[in-house]
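Trainee: Supplied in structure tokens, the structure appears directly below.
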Amino acid sequence: MKHISLFEGFTGAAAIDCIVDGENEAIFIVSPGEGGKIRYSAIRRLEQMIKKPVVVIEYSEDPLQFIRNSLSPAKVLEVKMVEHPDGKRTASVTVSASDRGKAIGRGGRVAQRTRALAKRYHGIDNVHIM
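For the sequence shown, this note's numbering gives the first residue as 4, with consecutive numbering after it.
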């Protein structure tokens with residue numbers, strides 16, 4: 004709750020959730036339409052205060068759009084959902100060849116974050132980035 008209060012105070016944007024990933028980063032999920040209101044300088048000040056990099060992802064009820072949002076700024080060309088006979092759901096994401104590195108992230112961090120958020124908010128079991 005402390006991080007959400009700080010985030011809302013610095014940015015003026017409504018945060019739905021905050022996930023603090025150990026010492027790595029603080030991920031803020033914001034309400035639809037709130038992402039564009041946030042100033043870069045506010046994020047930098049917040050990062051200095053909490054001593055962690057801050058990631059902001061705009062929530063969407065549509066799981067495919069949410070996955071697109073979580074991979075931003077990588078250019079996502081297509082997102083498909085596959086339902087397996089055992090009930091598991093997998094999202095297949097095609098990104099621009101020049102943006103594959105952005106979509107995967109250093110050490111796979113962005114891809115891991117996307118998988119965890121897709122599972123947490125939409126029950127998607129796996130996300131494949133191609």
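We put the beta carbon where it would ideally sit given N, CA and C, even for glycine.
What residues in its chain sit with their C-beta under 6 Å from that of Leu120, if we drop five residues either side in the sequence?
Mentor: To locate residue 120, count along the sequence shown from 1; it is residue 117. Only Ser73 meet the Cβ criterion.
Trainee: Which residue marks the beginning of the alpha helix (DSSP H) containing Ile107, and which one marks its end?
Mentor: Locating residue 107 in the sequence shown gives position 104, where the first residue counts as 1. Note, Ile107: alpha helix (DSSP H), Arg103 to Ile107.
Trainee: How many Å lie between Ile41 and Arg118 at the Cα?
Mentor: Residue numbering aside, residue 41 sits at position 38 when the sequence shown is read from its first letter. Residue numbering aside, residue 118 sits at position 115 when the sequence shown is read from its first letter. Using only the alpha carbons, I get a separation of about 24 Å.
Trainee: Measure the Cβ-Cβ separation of His125 and Pro66 and say whether it is below 8 Å.
Mentor: Position 122 of the sequence shown holds residue 125. Position 63 of the sequence shown holds residue 66. A contact, by the Cβ cut-off of 8 Å.
Trainee: Could you give the first and the last residue of the continuous alpha helix (DSSP H) run that contains Ala17?
Mentor: Here residue 17 refers to the residue found at position 14 of the sequence shown. Per DSSP, Ala17 belongs to no alpha helix (DSSP H) and is neither H nor E.
Trainee: Which residue comes first and which comes last in the alpha helix (DSSP H) that contains Met133?
Mentor: Counted from its first residue, the sequence shown places residue 133 at position 130. It is not in any alpha helix (DSSP H) - Met133 carries neither H nor E in the DSSP assignment.
Trainee: Can you tell me whether Ser95 is helix, strand or coil according to DSSP?
Mentor: Position 92 of the sequence shown, counting from 1, holds the residue named residue 95. In the structure shown, Ser95 sits in a strand (DSSP, three-state: E or B).
Trainee: Just tell me which of Gln68, His87, Val96 and Pro88 has its CA closest to the CA of Ile81.
Mentor: One-based indexing of the sequence shown puts residue 81 at position 78. Here residue 81 is Glu; the residue named in the question, Ile, does not match the sequence. Ranking Gln68, His87, Val96 and Pro88 by Cα distance to Glu81 puts Val96 first.
Trainee: If we ignore side chains and look at the alpha-carbon of each, how far apart do Arg116 and Glu37 end up?
Mentor: Numbered from 1 along the sequence shown, position 113 holds the residue referred to as residue 116. Numbered from 1 along the sequence shown, position 34 holds the residue referred to as residue 37. When rounded, the distance between both Cα atoms is 20 Å.
Trainee: Hey, would you say Asp20 sits closer than 8 Å to Ile32, going by beta carbons?
Mentor: Stepping through the sequence shown from its first residue, residue 20 is reached at position 17. Stepping through the sequence shown from its first residue, residue 32 is reached at position 29. Taking 8 Å as the Cβ cut-off, Asp20 and Ile32 qualify as a contacting pair.
Trainee: Under 8 Å between the Cβ atoms of Arg71 and Met84?
Mentor: Counting from one through the sequence shown, the residue named residue 71 turns up at place 68. Counting from one through the sequence shown, the residue named residue 84 turns up at place 81. Taking 8 Å as the Cβ cut-off, Arg71 and Met84 do not qualify as a contacting pair.
Trainee: Taking DSSP as the reference, what is the three-state secondary structure of Glu11?
Mentor: Counting from 1 along the sequence shown, the entry for residue 11 is found at position 8. DSSP places Glu11 in helix when its eight states are reduced to three.
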